[in-house]
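Chains as they are written, first to last, in the working numbering: chain A, 1 to 345; chain B, 1001 to 1345; chain C, 2001 to 2345; chain D, 3001 to 3345. What follows is a short report on a single structure.
4 protein chains.
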Amino acid sequence: MIVVMQAGSEEQQIEAVLERLREYHLRGHLVRGEERTVIGVVGAAIPPTLKEELAHFAGVKETLRITQPYKLVSRELRPTDTIVDVRGVKVGGGSCVVVAGPCAVESEAQIMATARAVRDAGATMLRGGAFKPRSSPYTFRGMGEDALRLLAQAREETGLPIVTEVMTPNDVDLVARYADLLQIGARNMQNYQLLEEVGRSGMPVLLKRGLSATIEEWLLSAEYVLAQGNPNVILCERGIRTFETATRNTMDLNAVALAKRRTHLPVLIDPSHGTGKWYLVPPLALAGIAAGADGMIVEVHPDPDRARSDGAQSLSCENFAALMPKIHAVAAALGRTPMVEVPER
Amino acid sequence: MIVVMQAGSEEQQIEAVLERLREYHLRGHLVRGEERTVIGVVGAAIPPTLKEELAHFAGVKETLRITQPYKLVSRELRPTDTIVDVRGVKVGGGSCVVVAGPCAVESEAQIMATARAVRDAGATMLRGGAFKPRSSPYTFRGMGEDALRLLAQAREETGLPIVTEVMTPNDVDLVARYADLLQIGARNMQNYQLLEEVGRSGMPVLLKRGLSATIEEWLLSAEYVLAQGNPNVILCERGIRTFETATRNTMDLNAVALAKRRTHLPVLIDPSHGTGKWYLVPPLALAGIAAGADGMIVEVHPDPDRARSDGAQSLSCENFAALMPKIHAVAAALGRTPMVEVPER
Amino acid sequence: MIVVMQAGSEEQQIEAVLERLREYHLRGHLVRGEERTVIGVVGAAIPPTLKEELAHFAGVKETLRITQPYKLVSRELRPTDTIVDVRGVKVGGGSCVVVAGPCAVESEAQIMATARAVRDAGATMLRGGAFKPRSSPYTFRGMGEDALRLLAQAREETGLPIVTEVMTPNDVDLVARYADLLQIGARNMQNYQLLEEVGRSGMPVLLKRGLSATIEEWLLSAEYVLAQGNPNVILCERGIRTFETATRNTMDLNAVALAKRRTHLPVLIDPSHGTGKWYLVPPLALAGIAAGADGMIVEVHPDPDRARSDGAQSLSCENFAALMPKIHAVAAALGRTPMVEVPER
Amino acid sequence: MIVVMQAGSEEQQIEAVLERLREYHLRGHLVRGEERTVIGVVGAAIPPTLKEELAHFAGVKETLRITQPYKLVSRELRPTDTIVDVRGVKVGGGSCVVVAGPCAVESEAQIMATARAVRDAGATMLRGGAFKPRSSPYTFRGMGEDALRLLAQAREETGLPIVTEVMTPNDVDLVARYADLLQIGARNMQNYQLLEEVGRSGMPVLLKRGLSATIEEWLLSAEYVLAQGNPNVILCERGIRTFETATRNTMDLNAVALAKRRTHLPVLIDPSHGTGKWYLVPPLALAGIAAGADGMIVEVHPDPDRARSDGAQSLSCENFAALMPKIHAVAAALGRTPMVEVPER
């Protein structure tokens, strides 16, 4: 059960709820967001009458009993699709947004060329890594703030909102000054301090599923962000780790369809990480859209063979341009409207 | 390397090849099929000149060096798509066949009703289990030959070719007398005696991927069938076993796209077993077609809640009929022609 | 629930039970073993009074309600350890049997040398493959009956009972004529016809866990054998398939300890397949014994680098001899008595 | 290849190395630790003569070519076991340390009672969570600094060094003021900023393996800590995520044995998280020691049924005391000396 307090509820109203919970030997976990304050009620035995009882307390907006362990992200709580606005691009509700760009920003020339190419082919957002999580400390870890500046420059020229990863709580302010959508990478899906920090930022968040995270854990991680009062979370399935070694990961499109059923949040797919092979990106991108994803994020590089990271899974600009009409065709076949028309050339 | 002998090559010609291999301390594995005889050459060190050397031997049709461990199923050996003919239904080469029917044949009324319903909705083949592999010895294991007779009766009325599983070598003859397409289930993907027996039968074979089989192992199992001279193998991805428990299995559509690239054999999907939940079947069916599958096999039951097995993952006839136009729309969007038009109603 | 019939119960007594089940809209699965006949009762709703009701039927020995899906193998049914007698070697109840020998029998010299070496080092049984399941049809698949003859010869000289795999129902009679313990390989753990055939043989059976079989499925497969009236099943954990690629499989010693708790059957470990690397065999063998396994089966080859299969995971005779005293030391430290003392040399 | 600079090498010496690398179109990743500075050399093509060439540069201590992607943690670099000193307790080199205590510190009474009980039973360190990573934002997340103070109090009374988790870079200073050994939890194994921060702290670090981390990734994460000049890393295997649901995780003792072979760092096991069931902790603890682990960390609670977290996998004090003599017996059987004798009682 959760107790949602009214905006501007007073401390003593909150304390009254907590006190009542203590009387029942329950614990109240107070989660203060910027926009609203929620009290999660947990304990061995919640009395059946408690829901109604607390609903009448001063300052309480509503009380909710929810069968899933996640509450705020659940469709039980909110049956209609959440639409997240990323600098004017609407994500969710059957959208077909396409986020494209290089794994990492490598140079001005590289990011500007890619940005123009993907915009011309119909992409609606630009991706590019500034801070890269890398298994080895000896490999390229991104250009940092220089990359952020170049992304902003690319946005200025192309009009595309920009998405980039933030890896640690201390960097949230910095990255938020440049980016339109903060990406939480798969390795950080359960970095709870980071989730709470991006929650507090109020910025749109792209939350990638962890390599071995269950769907339930993924939604619970989204719950951490929403519990801070930030409803702007976009989920992203990017492949899970299985026994199969012929592909880098295993795209779990079951998870896309199931997440769409369980939560009101938008869901994207990342067929680049999901497959690890550029030639598998087009079929899996199409598959993900057909499975119900609200769009995709895909790695595109003007010269994949020379990419400093993830070259094997990056589409060339030409291959990306060839994929886009098929994406739109599948989306149209299923009655969905792509967010941006492919321009005449 | 493999040495393909000419049709009608003589024993002494084969022996001459084997003798030469022995001289090089190599082993020749003789695989006699009905249509052709192949000698697989294995050993620590194959001399670089051997390929050309053996090509000139009497009775040798050709010698092939193949980089993959599987040979006859490889696109390296045969770049063009194999089309398998199942009593007139062509599978492969971008087809969009739809095999539908109950998990198990339960009664005449059940199978006849289902057969009519799926035919009317546009299915091109009928499935139905007669012999069911079950984890527990205490559960329903199928109606056996009675089920085969009912399937034949349903074929007679509807014209739909029938698919059913054979579980053990001794049953191949029996099942082959009724079925048009012999299914090898996931648990039997590495039952090599069974693979060889269906190979010898010459019948079309539907080879499901094992729960934890790599793509390479799956193709090697198909190789067992082809090595018997039977080229009529259709692969089927039906979900793999992963850590995720929210779905019964994890559909691996990476595997569909990669198999289409690595082998010339047709590939179907089974979204019923791949998801385990009827409400996930439509999105994953669409996803599989979009990923490049040559069709699908799907469980349909007139009364899923009363099904004796797999009810939770069976579509009702109505839900199946509602799915079919979407399947055709996605196939058409990608330029593929469904094998059967949905009839006017 | 299961209904155990008295030995010699009559057909009409069985039919009376089945008839009563039908009245309750339940199904009775009749499993006739050589030693006893069991009726498994399944259905949507078993009346709470049924257990007592049937207990009074003529010919009924007892009725049992069992919480696990497996019944005959459950410790709920039989709390004391089963001891399986393999030609005089007792397996189970805290035994520490050591089965050793080559992956495959390759020649008389090889198997005889190995048999002598492992006996001298303290092994209590000899293993050796005659029929080998191989992923590829082009690799060595064993010497067949010749290998069985050589194993029998090795038994004659060394006194060691012999273990070898049987792969298909039609071979059970042949293999049973030579072997003392029939091995069901991991790939065949859910080959139900084979399980029933070895069940009917009455021979001791070594049932390996499938690569991706849950512990519950493994025990249900054992249930298939016991349901035929053959209680002589020894389980064997041989590693499961996970995402880890640095080892061939992942030894699941949790499964050993849990199986020992859930079932009365003996459990062995196979650290050769469980690790895939000879230098990991000793630590994992010791670990398995410490975890409570009743012994181990381990691959030993006089010249591992020249082994025709599994050389990378085979111990040399010297390394095997060096391991044995440690095995006995760990067993002794935990108060268990090895079945055979290491002979003086 | 890595270039290790002499202590006190000057900036211009480092720059000279970097400059030479640039001439070869290589990149030098400068990793400054407190004790030493290392330059990791990466790039497409390292000239074969470079190793010798740089060895003669001023300020260079040595140059090393290492076949594994991890360098400083590799046994190739350092063949002898690292012994980590945790406030006088030596971990590594065949030690048998036992770290015990509750999942989370819950109260003064709870932690003091546990500390006394585990010390009396022979534990050599005390564990207890102050900051708890939890999948759900609505569950108990630890007592924070209050817990740290209670742990310090328990250390004062019992003399046991204390281990506790740190979850985010900003907390490293705080936790390091109290703890003797900083734990990095499984979810944070690839939280690189945190790894670098604990690296800079110079404190002993207990690095748990991620749920789906390969052994190579685990060692690379340790490399992040060592690359900061902090050699005091203890690895900990705590179970991986697999398809098996009967246990919480799957203990991977292959990984323990392989890690001991690949790295010079100590390796502990955590059978509590590795199994998730208290009754499987003893057999798996024994198994881990037999597999070669340098000790274990185990959850003990005076009243497991009332624990606020992980009660199902916590040993009672009595069960822990009963386990310890067996641990010592297995260690002794394998010729290892436990760090602390069980006291007379």
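Virtual Cβ for every residue (Gly too), placed ideally from N, Cα, C. As the structure is a computational prediction, the values presented were derived from the model and not from experiment.
For this session: Establish whether the CB of C:Thr2263 and some CB of chain A are separated by less than 8 Å.
Result: Against the third sequence, residue 2263 of chain C aligns to sequence position 263. Taking Cβ atoms only, chain A never reaches closer than 8 Å to C:Thr2263, which makes this a no.
For this session: Hey, could you find the ends of the beta strand (DSSP E) C:Asp2146 is sitting in?
Result: To locate residue 2146 of chain C, count along the third sequence from 1; it is residue 146. From DSSP, C:Asp2146 is part of no beta strand (DSSP E) but of the alpha helix (DSSP H) over Glu2145 to Thr2158.
For this session: With a cut-off of 8 Å on the beta carbons, I'd call A:Gly122 and A:Val105 a contact; round off their distance for me.
Result: Here residue 122 of chain A refers to the residue found at position 122 when the first sequence is read from its first residue. Here residue 105 of chain A refers to the residue found at position 105 when the first sequence is read from its first residue. Rounded, the Cβ-Cβ distance is 21 Å, inconsistent with contact.
Exercise. What are the complete beta strand (DSSP E) segments, minimum 3 residues, inside the segment 2256-2317 of chain C?
Worked result: 2267-2269 and 2295-2299
For this session: Give me the Cβ distance between B:Arg1238 and B:Lys1208, rounded to the nearest whole Å; I'm assuming they're in contact under 8 Å.
Result: In the second sequence, counting from the first residue as 1, residue 1238 of chain B sits at position 238. In the second sequence, counting from the first residue as 1, residue 1208 of chain B sits at position 208. Yes, they are in contact, since the Cβ atoms of B:Arg1238 and B:Lys1208 sit about 5 Å apart, within 8 Å.
Problem set entry | Rounded C-alpha distance that separates B:Thr1168 from B:Leu1194 | The residue labelled residue 1168 of chain B in the question sits at position 168 within the second sequence. The residue labelled residue 1194 of chain B in the question sits at position 194 within the second sequence. Cα to Cα, the separation comes out at about 6 Å.
Exercise. The alpha helix (DSSP H) spanning C:Gln2110 covers which residue range?
Worked result: Locating residue 2110 of chain C in the third sequence gives position 110, where the first residue counts as 1. Unbroken alpha helix (DSSP H) run through C:Gln2110: Glu2108 to Ala2121.
Exercise. For chain A, is any of its Cβ atoms less than 8 Å away from the one on B:Glu1216?
Worked result: On the second sequence, residue 1216 of chain B is found 216 positions in, with the first residue counted as 1. Output row for B:Glu1216: interface = yes.
For this session: Under the assumption that A:Glu299 contacts A:Cys96 (Cβ atoms under 8 Å), give the Cβ distance between them as a whole number of angstroms.
Result: Along the first sequence, read from residue 1 onward, the residue named residue 299 of chain A stands at position 299. Along the first sequence, read from residue 1 onward, the residue named residue 96 of chain A stands at position 96. Not a contact, Cβ separation roughly 18 Å.
For this session: Would you mind working out which of A:Glu145, A:Ser107, A:Thr158 and A:Gly185 sits nearest A:Thr124, comparing C-alpha positions?
Result: Indexing the first sequence from 1 puts residue 124 of chain A at position 124. For A:Thr124, the nearest C-alpha among the options comes from A:Thr158.
Problem set entry | Reduced DSSP secondary structure (H/G/I, E/B, other) of A:Gly40 | Taking the first residue of the first sequence as position 1, residue 40 of chain A is located at position 40. Strand at A:Gly40.
Exercise. How many whole angstroms separate the CB atoms of A:Met251 and B:Asn1319, which I take to be in contact at a CB cut-off of 8 Å?
Worked result: Here residue 251 of chain A is taken as the residue at index 251 of the first sequence, counted from 1. Here residue 1319 of chain B is taken as the residue at index 319 of the second sequence, counted from 1. Rounded, the Cβ-Cβ distance is 25 Å, inconsistent with contact.
Problem set entry | Closest Cα partner of D:Val3166 within the set D:Asp3120, D:Tyr3138, D:Pro3266 and D:Phe3131 | For the purposes of this step, residue 3166 of chain D is taken as residue 166 along the fourth sequence, with counting starting at 1. Of the candidates D:Asp3120, D:Tyr3138, D:Pro3266 and D:Phe3131, the one whose C-alpha sits nearest the C-alpha of D:Val3166 is D:Phe3131.
Exercise. Taking only beta-carbon atoms, is C:Arg2241 less than 8 Å away from chain A?
Worked result: By one-based count along the third sequence, residue 2241 of chain C stands at place 241. With 8 Å as the cut-off, C:Arg2241 counts as an interface residue toward chain A.
Exercise. When you compare each of C:Trp2278, C:Ile2002, C:Ala2257 and C:Gly2276 to C:Leu2268 by their alpha carbons, which one comes out closest?
Worked result: Within the third sequence, the letter at position 268 stands for residue 2268 of chain C. Among C:Trp2278, C:Ile2002, C:Ala2257 and C:Gly2276, the Cα nearest to that of C:Leu2268 belongs to C:Ala2257.
Problem set entry | Distance between C:Thr2139 and D:Pro3161 (C-alpha atoms, nearest Å) | As a working note, residue 3161 of chain D is residue 161 in the fourth sequence. As a working note, residue 2139 of chain C is residue 139 in the third sequence. Between D:Pro3161 and C:Thr2139, the C-alpha separation is close to 57 Å.
Problem set entry | Three-state class that DSSP yields for C:Gly2199 in the structure shown | Taking the first residue of the third sequence as position 1, residue 2199 of chain C is located at position 199. Helix at C:Gly2199.
Exercise. Can you find a heavy atom of the ligand HEM that lies under 7 Å from the Cβ of C:Leu2315?
Worked result: The ligand HEM is absent from the structure shown, which contains no ligands of any kind.
For this session: Under 9 Å between beta-carbons, which chain C residues line up against D:Asp3252? List them in chain order, please.
Result: As a first step, residue 3252 of chain D is located in the fourth sequence; it is residue number 252 there, counting from the start. Result: Thr2242, Glu2244, Thr2247, Thr2250, Met2251 and Asp2252.
Exercise. What whole-angstrom Cβ distance do D:Thr3063 and D:Leu3054 have, given they're in contact under 8 Å?
Worked result: Here residue 3063 of chain D corresponds to residue number 63 of the fourth sequence, with the count starting at 1. Here residue 3054 of chain D corresponds to residue number 54 of the fourth sequence, with the count starting at 1. 5 Å between Cβ atoms; contact.
For this session: Step through the CB atoms of chain A and report whether any lies within less than 8 Å of the CB of B:Pro1304.
Result: One-based indexing of the second sequence puts residue 1304 of chain B at position 304. No, no contact with chain A.
Exercise. If we count the other Cβ atoms within 10 Å of its Cβ and call it buried at 16 or more, is D:Arg3022 buried or exposed?
Worked result: Indexing the fourth sequence from 1 puts residue 3022 of chain D at position 22. Exposed is the call here.
Problem set entry | In DSSP terms, what B:Met1005 is bridged to | Position 5 of the second sequence holds residue 1005 of chain B. Its beta-bridge partners are B:Val1060.
For this session: Label B:Gly1028 either buried or exposed according to how many other C-beta atoms from any shown protein chain fall within 10 Å of its C-beta, with 16 as the threshold for buried.
Result: Against the second sequence, residue 1028 of chain B aligns to sequence position 28. By the neighbour-count rule (16 or more Cβ atoms within 10 Å), B:Gly1028 is buried.
For this session: Please check if any C-beta of chain D sits within less than 8 Å of the C-beta of C:Val2330.
Result: Along the third sequence, read from residue 1 onward, the residue named residue 2330 of chain C stands at position 330. Chain D contact via Cβ: present.
Exercise. Name the residues in the segment 1200-1225 of chain B whose C-beta lies less than 8 Å from a C-beta of chain A; which are they?
Worked result: Ser1212, Thr1214, Ile1215 and Glu1216
Problem set entry | Closer than 8 Å to chain B by CB, C:Val2031 | The count along the third sequence starts at 1 and reaches residue 2031 of chain C at position 31. By this cut-off, C:Val2031 is an interface position.
Exercise. Quick one: is C:Val2017 near chain B, going by C-beta distance under 8 Å?
Worked result: Counting from one through the third sequence, the residue named residue 2017 of chain C turns up at place 17. By this cut-off, C:Val2017 is not an interface position.
Exercise. DSSP state of B:Met1125, grouped into three classes?
Worked result: The residue labelled residue 1125 of chain B in the question sits at position 125 within the second sequence. Strand.
For this session: Evaluate B:Gln1012 with the Cβ neighbour count: other Cβ atoms within 10 Å of its Cβ, from every protein chain shown; 16 or more gives buried, anything less gives exposed.
Result: In the second sequence, residue 1012 of chain B corresponds to position 12, counting from 1. Looking at its Cβ environment, which holds fewer than 16 other Cβ atoms inside 10 Å, B:Gln1012 is exposed.
Exercise. Run through DSSP, which three-state label would B:Arg1187 get?
Worked result: To locate residue 1187 of chain B, count along the second sequence from 1; it is residue 187. Three-state DSSP puts B:Arg1187 in a helix.
Exercise. So, C:Tyr2070 versus C:Glu2223, is the Cβ gap smaller than 8 Å?
Worked result: In the third sequence, residue 2070 of chain C corresponds to position 70, counting from 1. In the third sequence, residue 2223 of chain C corresponds to position 223, counting from 1. Yes. Within cutoff.
Problem set entry | Pairwise C-alpha distance: D:Leu3026 and A:Arg352 | Because chain A is modelled from 1 through 345, residue 352 of chain A falls outside the range shown and cannot be assessed.
For this session: Would you kindly report the start and end of the unbroken alpha helix (DSSP H) that includes C:Leu2207?
Result: Residue mapping note: residue 2207 of chain C aligns to position 207 of the third sequence, counting from 1. Counting along the chain, C:Leu2207 falls outside any alpha helix (DSSP H), though it belongs to the beta strand (DSSP E) covering Val2205 to Lys2208.
Problem set entry | Interface residues of chain C facing B:Lys1169 [CB-CB closer than 8 Å] | Here residue 1169 of chain B corresponds to residue number 169 of the second sequence, with the count starting at 1. The amino acid occupying residue 1169 of chain B in the given sequence is Pro; Lys does not appear at that position. Near B:Pro1169 (Cβ distances below 8 Å), the residues of chain C are Thr2168, Pro2169 and Asn2170.
Exercise. Do you know how far the Cα of C:Glu2010 is from the Cα of C:Leu2050?
Worked result: In the third sequence, counting from the first residue as 1, residue 2050 of chain C sits at position 50. In the third sequence, counting from the first residue as 1, residue 2010 of chain C sits at position 10. Going by the C-alpha atoms only, they are around 21 Å apart.
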